[in-house]
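See below for the structure under consideration.
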Amino acid sequence: MPMFGRWMASILAAAMMSGSALAASRGDPVKKFDTDNDGTLDHIEVRKAAMALFARLDPDHDGTLDMRELRGD
Ligand SMILES: [Ca+2]
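Here it is as structure tokens:
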């Protein structure tokens, strides 16, 4: 997996484990992000999910996430 993909996957994984910021992602993350319905998440699906999540977690759109944003404050 390319470095960018690993970074995005890490962001997604961290976000999936965090609390309030990811309330909307609870449930089955494979079903939620498996856009080709093959029962798995490939790097493209993970990247799309991570980018959407990053955008949602970055309300000031400065391209960075601070602890306040990760907590969903
Ligand atoms: Ca898939």
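Under our numbering, the residues of the sequence shown are numbered 4 to 76, in order.
Just so you know, even glycine gets a beta-carbon here, dropped at the ideal spot from N, CA and C.
Note that the coordinates shown come from a computational prediction; the quantities given were computed from them, not determined experimentally.
| Query | Result |
| --- | --- |
| When you compare only the Cα positions, how much space is there between Val33 and Ala53? | 13 angstroms |
| Within 7 angstroms: the Cβ of Glu48 and any heavy atom of ligand 1? | yes |
| When DSSP labels each residue in this structure, what does Pro62 get in the three-state scheme? | coil |
| Within the present structure, is the beta-carbon of Thr67 separated from the nearest heavy atom of ligand 1 by less than 7 angstroms? | no |
| Please tell me whether, using a cut-off of 7 angstroms, the distance from the CB of Asp31 to the nearest non-hydrogen atom of ligand 1 is below it. | no |
| Return the first residue and the last residue of the alpha helix (DSSP H) that Leu73 is part of. | Met70 to Arg74 |
| Can you tell me the Cα-Cα spacing of Arg50 and Asp76, whole angstroms? | 24 angstroms |
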